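K.L.:
Chains A, B and C, in that order, are what the protein sequence lines are. Residue numbers for the first sequence, in numbering that gives the first Met the number 0: 0 to 772. Residue numbers for the second sequence, in numbering that gives the first Met the number 0: 0 to 161. Residue numbers for the third sequence, in numbering that gives the first Met the number 0: 0 to 276. Note that CB positions come from ideal geometry on N, CA and C, so glycine has one too. Since we're looking at a predicted model, the values are computed, not measured.
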Amino acid sequence: MSKTRLVGKSVPKIDGITLSCGMPKFVEDMPLKNPLCARILPSPYAHAVIEDIDTSDAEKLPGVLAVLTHKNVPRIVHTTAGQGYPEPSPYDTFILDRKVRFVGDRVAVVAAETPEIADEALSLIRVRYRELPSVLDPWKAMDPGAPVIHDEPEAYHPISAKYDPQRNLAAEVKAVAGDLAAGEKEADFLVEGTYHAHYAQHCPIETHICAGELDHNNRLVLYTSTQVPFHARRITAQALGIPLKRIRVIKPRIGGGFGAKQEVLLEDLTALLVLTTRRPVVLKLSRQEEFLSSRTRHQMFTTMKIGAKKDGSLTLMDMKVLSNTGAYGSHALTVMSNAGSKVLPLYRCSNIGFHGKTVYTNLPVGGAYRGYGATQSYFAQECLIDEMAEKLGMDPVDFRLQNHIRTGETSPIFKALGEGREGNEMYIQSCGIIECINLGAQEIGWREKRMSVREGRFRRGVGMCSLMQGSSIPDIDMGSVYIKINDDGSFNMNLGATDLGTGSDTIFAQMAAEILGVESEDIIVYSSDTDMTPFDVGAYASSTTYLSGQAVIKSAEAVRAQIFSVACEIWGVTSTEGMELREHCVNLSGKDPILLSKIACHSLYAHNQHQIAGNESHITKVSPPPFSAHFAEVEVDTLTGAVRVLKYVAAIDCGTAINPRLAEGQTEGAVANGISYAMWEQYVFNDKGRMLNPSFNHYHIMRTCDMPEIKTILVPTYEPTGPFGAKSVSEISINGGLPVLANAIYHAAGIRLKEGPFTPDRVLAALKKKGNG
Amino acid sequence: MKKNLKLQINGTWKEFSIEPGTLLLDLLRTAGYQGVKDGCREGECGACTVHIDGRPINSCTLFALQADGRSITTIEGLGNPDHPHPIQEAFVETGAVQCGFCIPGKIMSVKALLDRNPDPDEHQIREALSGNLCRCTGYVKQIEAVKLAARRIREKKGDHHE
Amino acid sequence: MRKILDYHAPAAPIDALRISQSSTKARFLAGGSYLSREKTLECTLIDLKNCGLAHISEANGNLRIGAMSTITDLLLHPASSGPGKAFLQALSSTGHAIVRNQITIGGSIAGMLPWFNLAAPLMVLDASLLVLESSGETTISFRSFVANKPREYLKNRLILALNIPLVSDRELCFSRLSLTEVDFAPMFAAASISREGETVKAAYVAVSGCLPGPVMISGASELIGKKLSRSEAETVGQAALHELQGKIISANPNFPPAYLEEVLPVVVADCLYGGAN
């Protein structure tokens with residue numbers, strides 16, 4: 000690895016100061032002329048047919064410009080999942096339908112001069128529902144005679160995947176490597192259990208919002224809070240049945256996404272309302288709607304069986320997953336597949352099985368959520384690994400150190416299981432998990448604390464877990480970058496990669512500046528705008544740094560080659576050999592350096608005029624995993640069941656950290672979300688499928704006063720296929736919360752929690768059961 | 000029935016004529032103070048935090064008329080990219096800003112804290128920021144930013160005394 | 000849907016009361032944090048901000064708190080430590096840092112929301128309310144206020160101030176059960192104890208959060224004449240359970256009522272004797 004000048008430095012985030020000064024940069028700040036306010040009428044029922052809908056009174060209300068229902072919108076089946084085309088998610092959604100499938104499903108939408116008028120118009124819409132029996136328990140979704148949620152004839156899966164809506168089956172995947180029966184027979188010890196990862200919401204502080212208007216060419220411009228501008232353009236065109244070329248999607252700054260905005264939820268309605276009224280329209284979800292009607296983490300039940308020999312080697316890892324996608328199949332197949340493909344390869348084992356099913360229910364809709372299935376099944380795997388260590392009489396740290404995958408090794412599951420299809424064979428080329436485990440154990444004080452006495456009312460314990468994820472979807476994801484030089488030797492870099500607050504614009508500027516011999520401030524980054532920037536799949540699947548970063552490097556190198564050609568002209572030499580870009584200059588020994596501004600002006604104004612520019616794309620054949628080890632210390636109040644998290648350590652190998660502060664920030668944010676999910680966040684439903692706590696009053700995300708001490712340790716490795724050796728960092732660290740805290744609680748109080756969140760009532764119930772049992 | 004009110008916003012008196020149910024958040028955003036963010040409209044997330052007579056308030060749970068005649072400071076009143084406030088600088092330097100949606104409100108809470116207590120300890124910082132939710136950062140670097148800003152402001156004041 | 004018909008900001012409490020009596024749709028506006036969030040509301044607002052009710056003072060052995068004083072006003076006022084350090088802690092466990100700048104003592108009492116953490120402390124401190132009615136000012140003990148349909152009582156009345164007698168040998172303590180620091184505590188127990196030497200002379204315990212309104216636990220009188228120990232505290236906890244069994248509801252969907260019932264004795268005992276012992 001050669002020495003870098005900017006890569007590996009914590010340069011300040013390029014949009015940091017303008018954000019800190021509150022400059023208008025988000026969708027709701029866009030300067031629209033006298034926009035209309037749109038509001039959605041939600042379904043009060045979990046499952047019902049709209050027998051009749053009368054909008055005449057609403058339409059008559061002064062100030063109401065449009066009322067849309069299933070009667071007056073195009074009926075084109077599609078998916079809201081913002082994925083590559085054709086999407087690996089079933090087509091089961093219409094802009095508005097005659098049937099509603101969960102509490103919060105959309106029934107109608109109005110656009111009015113003010114929010115008050117829009118609200119009043121909603122109250123004037125008269126709907127006659129015929130309530131249908133509903134499916135609220137995913138375990139019963141496939142029972143014979145269960146109500147069919149997607150009985151519409153149009154529903155189908157656009158890729159060849161198992162899909163049987165008549166049985167409420169949204170997806171099914173099986174993969175086997177080796178011989179499961181032999182693996183079970185070889186085992187001296189077996190452990191097995193079912194772990195329930197619960198519903199949760201992403202809770203970006205900016206809720207979903209889309210604003211639209213017609214431009215001077217009568218084209219539709221959508222400003223939207225999205226992670227996937229190009230998919231948003233394509234799916235909006237598809238759902239409305241209008242030409243894609245008529246739509247321009249602009250992503251301004253985004254107030255957090257975490258997967259919730261890898262979804263095309265509001266663009267279709269906004270677009271239709273703009274076309275109907277010919278006025279600018281803003282559609283924003285309220286916090287309550289964000290909980291009820293947007294997207295959630297797929298609820299998942301992971302049943303796993305692990306076998307090991309007395310010497311501690313693993314003979315069997317068999318995982319069965321039941322995933323609940325709610326009323327629509329957004330990401331139904333791929334989240335479930337990832338529960339296996341991003342989790343099972345972590346340990347060496349020859350006999351690995353995966354069988355996943357995703358079912359429809361009449362509950363809120365699952366979607367992409369940071370961790371993407373891996374969060375759910377790591378709960379099972381890492382708790383069962385601890386159980387096995389206990390059976391073997393081994394320390395969980397030593398057991399993991401013995402078994403985890405290492406550099407140069409592969410797992411049969413890489414090939415057997417991808418994202419909803421077969422995967423790609425892959426050999427690990429960078430792996431820092433040993434260092435992660437050792438440094439994390441040291442930081443938490445593992446050896447001493449594992450031996451400590453645990454008695455009395457308040458009991459402390461420590462737990463750990465190991466994790467991996469991937470870096471982008473091989474053979475599918477593509478990122479593309481355009482760079483051009485300006486007169487003053489600065490560069491524009493336009494790219495589709497979607498900074499949603501993560502800092503990707505900044506790290507790409509660092510990478511480009513590194514190659515072009517300038518400072519990061521000399522790179523003017525613009526992302527993303529479907530008219531102005533080249534294609535990128537968007538911000539998901541831990542792909543941005545790893546994949547789009549390579550496109551940045553390629554484009555910058557292409558630009559550098561053109562700069563060198565101009566230098567040849569100026570110096571009158573024929574070979575670019577020995578040329579270097581440094582300190583805003585082209586350098587060649589024996590020659591006076593040429594300033595980039597001079598190169599630019601020469602190429603633009605003086606001779607053989609042309610625009611120095613590069614536009615390169617990148618795809619990948621592999622998805623190299625980042626690795627991580629998490630450690631936590633907790634204190635359990637054995638009388639009330641209340642658990643306090645005292646300290647949390649995340650040691651992470653993300654390859655080269657392009658910007659260590661931002662990499663730490665990604666880790667800390669994911670860790671906080673993981674703790675919050677494991678400890679407090681939950682959907683409380685009534686028996687009609689209605690969420691009872693759709694507000695920050697009763698849905699608790701971590702506040703400053705709730706934080707444990709959080710310690711991040713970056714463990715550098717070098718991934719040869721990544722930009723400057725980088726792998727992904729964004730998702731992996733959310734996966735630790737459930738298993739590491741469950742393992743720590745087990746160590747503290749001897750209770751094995753298999754369902755989150757670990758609220759006092761669940762903990763106390765487990766303590767009582769243990770006491771009695 | 001419209002009502003008139005006067006507010007001193009970031010040092011300048013302004014007059015408005017509004018519906019009595021108008022929330023301060025909506026008044027401020029409509030008047031161009033778009034650094035005031037709308038995150039929950041239920042007083043829980045703190046993205047809309049402004050100062051009224053120096054104290055942080057959720058502008059989403061206050062009728063604008065309640066603030067009639069009072070002095071309001073929004074994030075725009077603290078600094079701009081050419082002349083940022085030390086708190087704004089510290090947030091950028093420490094990596095405390097990710098998506099930035101919660102940041103204006105949070106910085107207003109920090110400002111009120113440091114005005115009152117120039118040398119807060121970790122507990123006091125956590126307490127003062129308990130009303131400002133952030134989903135991106137895990138707060139670690141934000142707390143670091145407050146400590147850095149506090150130190151810088153103290154040092155600056157110390158310079159003046161010499 | 001929300002419709003604010005009109006807005007008044009009278010300069011005196013009596014004017015506020017008069018306006019409220021002239022319209023069935025009038026609502027007093029104190030801090031506003033609750034009223035401004037009500038999704039369906041059609042009313043005329045009577046803002047009390049100009050009524051001179053934001054005052055805090057200590058006089059004649061009483062802490063007097065004007066109804067429009069905010070929680071932060073109280074936290075910053077030197078007189079607020081009069082009822083004990085635990086009173087300040089209870090104040091600072093109310094909501095989060097920003098909302099404490101807005102919510103007022105009078106508004107909280109008038110709303111009598113289940114998560115109003117001060118309800119139990121005010122009961123055991125023998126607080127009283129100074130109330131304005133058409134015929135003039137009157138005083139009502141906080142205990143009888145909460146015990147007798149507070150919302151009914153407040154029709155045609157306006158809370159002017161809260162009065163807490165400052166008794167020198169009285170200790171206040173509380174314990175709070177919640178999911179997180181800022182959570183609405185579904186169970187909040189407070190106690191005030193007077194002792195002679197180590198012997199308990201008087202003891203009052205109240206529980207709030209988990210019931211339709213806060214209640215006194217009569218079993219606390221068992222402590223009188225005894226030395227306070229963990230086991231005595233637990234006895235009172237069991238008495239509390241006996242008194243409240245079957246009546247517990249949860250103001251917080253994250254806590255099932257059955258769980259609250261189970262831990263009520265622990266919460267009460269922790270309040271009286273501390274959690275760590």
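Could you name the residues of the segment 33-63 of chain B whose beta carbon sits closer than 7 Å to any beta carbon of chain C, in the order they occur along the chain?
P.N.:
41, 42, 45, 48, 54, 55, 56, 57, 60, 61 and 62
K.L.:
Using three-state DSSP, classify residue 255 of chain C as helix, strand or coil.
P.N.:
Locating residue 255 of chain C in the third sequence gives position 256, where the first residue counts as 1. Looking at residue 255 of chain C - three-state DSSP - the assignment turns out to be coil, as it is neither helix nor strand.
K.L.:
Express the C-alpha separation of residue 153 of chain B and residue 3 of chain C in angstroms, rounding to a whole number.
P.N.:
Within the third sequence, residue 3 of chain C is the residue found at index 4, counting from 1. Within the second sequence, residue 153 of chain B is the residue found at index 154, counting from 1. C-alpha separation (whole angstroms): 46 Å.
K.L.:
Restricting to Cα atoms, I'd like to know which of A:176, A:209, A:508 and A:529 is closest to residue 343 of chain A.
P.N.:
Residue numbering aside, residue 343 of chain A sits at position 344 when the first sequence is read from its first letter. Nearest of A:176, A:209, A:508 and A:529 to residue 343 of chain A, Cα basis: A:176.
K.L.:
Could you confirm whether any beta carbon from chain A is found closer than 7 Å to the beta carbon of residue 258 of chain C?
P.N.:
Within the third sequence, the letter at position 259 stands for residue 258 of chain C. At least one chain A Cβ lies under 7 Å of residue 258 of chain C.
K.L.:
Less than 7 Å separating the beta-carbons of residue 667 of chain A and residue 139 of chain B?
P.N.:
On the first sequence, residue 667 of chain A is found 668 positions in, with the first residue counted as 1. On the second sequence, residue 139 of chain B is found 140 positions in, with the first residue counted as 1. Yes, they are a contact pair.
K.L.:
For residue 483 of chain A, which of helix, strand or coil comes out of DSSP?
P.N.:
By 1-based counting over the first sequence, the position of residue 483 of chain A is 484. In this structure, residue 483 of chain A counts as strand in the three-state DSSP scheme.
K.L.:
If you reduce the DSSP assignment to three classes, tell me which class residue 773 of chain A lands in.
P.N.:
For chain A, the structure presents residues 0 to 772; residue 773 of chain A sits outside this window and is missing.
K.L.:
When DSSP labels each residue in this structure, what does residue 98 of chain B get in the three-state scheme?
P.N.:
As a working mapping, residue 98 of chain B is identified with position 99 in the second sequence. Looking at residue 98 of chain B - three-state DSSP - the assignment turns out to be coil, as it is neither helix nor strand.
K.L.:
Under 7 Å, Cβ to Cβ, is there at least one residue of chain A near residue 43 of chain C?
P.N.:
Here residue 43 of chain C is taken as the residue at index 44 of the third sequence, counted from 1. No, residue 43 of chain C does not count as interfacial toward chain A.
K.L.:
What are the boundary residues of the alpha helix (DSSP H) that includes residue 296 of chain C?
P.N.:
It is not possible to answer for residue 296 of chain C, since the shown part of chain C is limited to 0 through 276.
K.L.:
In whole angstroms, what is the alpha-carbon distance linking residue 446 of chain A and residue 711 of chain A?
P.N.:
Taking the first residue of the first sequence as 1, we reach residue 446 of chain A at position 447. Taking the first residue of the first sequence as 1, we reach residue 711 of chain A at position 712. In this structure, the straight-line span from the alpha carbon of residue 446 of chain A to that of residue 711 of chain A is close to 20 Å.
K.L.:
Within 10 angstroms of its Cβ, does residue 0 of chain B collect 16 or more other Cβ (buried), or is it exposed?
P.N.:
Translated into the one-based positions of the second sequence, residue 0 of chain B becomes position 1. Residue 0 of chain B should be labelled exposed.
K.L.:
Using a beta-carbon distance below 7 Å, is residue 119 of chain B in contact with chain C?
P.N.:
For this step, residue 119 of chain B is matched to residue 120 along the second sequence. False, the Cβ-Cβ gap to chain C never drops below 7 Å.
K.L.:
Under 7 Å, Cβ to Cβ, is there at least one residue of chain A near residue 90 of chain B?
P.N.:
Taking the first residue of the second sequence as 1, we reach residue 90 of chain B at position 91. Output row for residue 90 of chain B: interface = yes.
K.L.:
Where does residue 570 of chain A sit, in a helix, a strand or coil, going by DSSP?
P.N.:
On the first sequence, residue 570 of chain A is found 571 positions in, with the first residue counted as 1. Helix, per DSSP.
K.L.:
Which whole-angstrom value describes the C-beta separation of residue 785 of chain A and residue 626 of chain A, a residue pair presumed to lie in contact below a C-beta threshold of 8 Å?
P.N.:
Absent from the structure is residue 785 of chain A, since the part of chain A shown begins at 0 and ends at 772.
K.L.:
Please report the Cβ distance between residue 649 of chain A and residue 629 of chain A, rounded to the nearest whole angstrom; I am assuming they are in contact, meaning their Cβ atoms lie under 8 Å.
P.N.:
Looking up residue 649 of chain A in the first sequence gives position 650. Looking up residue 629 of chain A in the first sequence gives position 630. At roughly 5 Å, the Cβ-Cβ gap stays under 8 Å, so residue 649 of chain A and residue 629 of chain A are in contact.
K.L.:
Would you call the segment 297-308 of chain A and the segment 37-54 of chain A in contact, with 3 or more CB pairs under 8 Å?
P.N.:
no
K.L.:
Just to confirm the assignment: which complete beta strand (DSSP E) runs, minimum length 3, are found wholly within the segment 493-563 of chain A?
P.N.:
522-525
K.L.:
Figure out for me which residue from C:133, C:225 and C:125 has the closest Cα to the Cα of residue 145 of chain C.
P.N.:
Against the third sequence, residue 145 of chain C aligns to sequence position 146. Of C:133, C:225 and C:125, the residue nearest in Cα terms is C:125.
K.L.:
Give me the Cβ distance between residue 90 of chain C and residue 70 of chain C, rounded to the nearest whole Å; I'm assuming they're in contact under 8 Å.
P.N.:
One-based indexing of the third sequence puts residue 90 of chain C at position 91. One-based indexing of the third sequence puts residue 70 of chain C at position 71. Their Cβ separation, rounded to whole angstroms, is 6 Å, which keeps residue 90 of chain C and residue 70 of chain C in contact under 8 Å.
K.L.:
Pull the bridge partners of residue 7 of chain B from the DSSP assignment, please.
P.N.:
Counting from 1 along the second sequence, the entry for residue 7 of chain B is found at position 8. For residue 7 of chain B, the pairing in a beta bridge is given by DSSP as B:12 and B:70.
K.L.:
If the cut is a Cβ gap below 7 Å, which residues of chain A does residue 252 of chain C touch?
P.N.:
In the third sequence, residue 252 of chain C corresponds to position 253, counting from 1. Proximity of chain A to residue 252 of chain C at the Cβ level (cut-off 7 Å) is accounted for by 683, 691, 692 and 697, in chain order.
K.L.:
Using a C-beta cutoff of 7 Å, does residue 706 of chain A count as contacting chain B?
P.N.:
Taking the first sequence and counting its residues from 1, the one referred to as residue 706 of chain A is at position 707. Output row for residue 706 of chain A: interface = yes.
K.L.:
So residue 179 of chain A is in the alpha helix (DSSP H); what residue range does that whole segment cover?
P.N.:
By 1-based counting over the first sequence, the position of residue 179 of chain A is 180. Start and end: 179-185.
K.L.:
Comparing the C-beta of residue 95 of chain C with each C-beta of chain B, is any distance below 7 Å?
P.N.:
Translated into positions along the third sequence, residue 95 of chain C becomes position 96. Answer yes: the Cβ-Cβ gap between residue 95 of chain C and chain B drops below 7 Å somewhere.
K.L.:
Per DSSP, which one or two residues make a beta bridge with residue 670 of chain A?
P.N.:
Taking the first sequence and counting its residues from 1, the one referred to as residue 670 of chain A is at position 671. DSSP, once it has assigned bridges, lists no residue as partnering residue 670 of chain A.
K.L.:
How big is the Cα-Cα spacing for residue 250 of chain C and residue 140 of chain C?
P.N.:
To locate residue 250 of chain C, count along the third sequence from 1; it is residue 251. To locate residue 140 of chain C, count along the third sequence from 1; it is residue 141. If I take the Cα positions, the gap works out to 25 Å.
K.L.:
Below 7 Å CB to CB, which residues in the same chain sit around residue 57 of chain B once its five sequence neighbours on both sides are set aside?
P.N.:
As a first step, residue 57 of chain B is located in the second sequence; it is residue number 58 there, counting from the start. Closer than 7 Å at the Cβ level, and outside the excluded window around residue 57 of chain B, lie 42, 45, 47 and 48.
K.L.:
Please classify residue 561 of chain A: is it buried, with 16 or more other beta-carbons within 10 angstroms of its beta-carbon, or exposed?
P.N.:
By 1-based counting over the first sequence, the position of residue 561 of chain A is 562. Buried is the call here.
K.L.:
What first and last residue would you give for the alpha helix (DSSP H) that runs through residue 17 of chain C?
P.N.:
Translated into the one-based positions of the third sequence, residue 17 of chain C becomes position 18. Run containing residue 17 of chain C: 12-21, per the alpha helix (DSSP H) assignment.
K.L.:
Give the residues from the segment 119-138 of chain A that approach chain E closer than 8 Å (Cβ to any Cβ), ordered along the chain.
P.N.:
Of the protein chains in the structure, A, B and C, none is chain E.
K.L.:
How about residue 129 of chain B: is its C-beta nearer than 7 Å to some C-beta of chain C?
P.N.:
Here residue 129 of chain B refers to the residue found at position 130 of the second sequence. With 7 Å as the cut-off, residue 129 of chain B counts as an interface residue toward chain C.
K.L.:
What does the Cβ neighbour count give for residue 456 of chain A, buried or exposed, with the cut at 16 atoms within 10 Å?
P.N.:
The residue you call residue 456 of chain A lines up with position 457 of the first sequence. Per the 10 Å Cβ criterion, exposed.
K.L.:
Give the straight-line distance between the Cα atoms of residue 760 of chain A and residue 426 of chain A, rounded to the nearest whole angstrom.
P.N.:
As a working note, residue 760 of chain A is residue 761 in the first sequence. As a working note, residue 426 of chain A is residue 427 in the first sequence. If I take the Cα positions, the gap works out to 45 Å.
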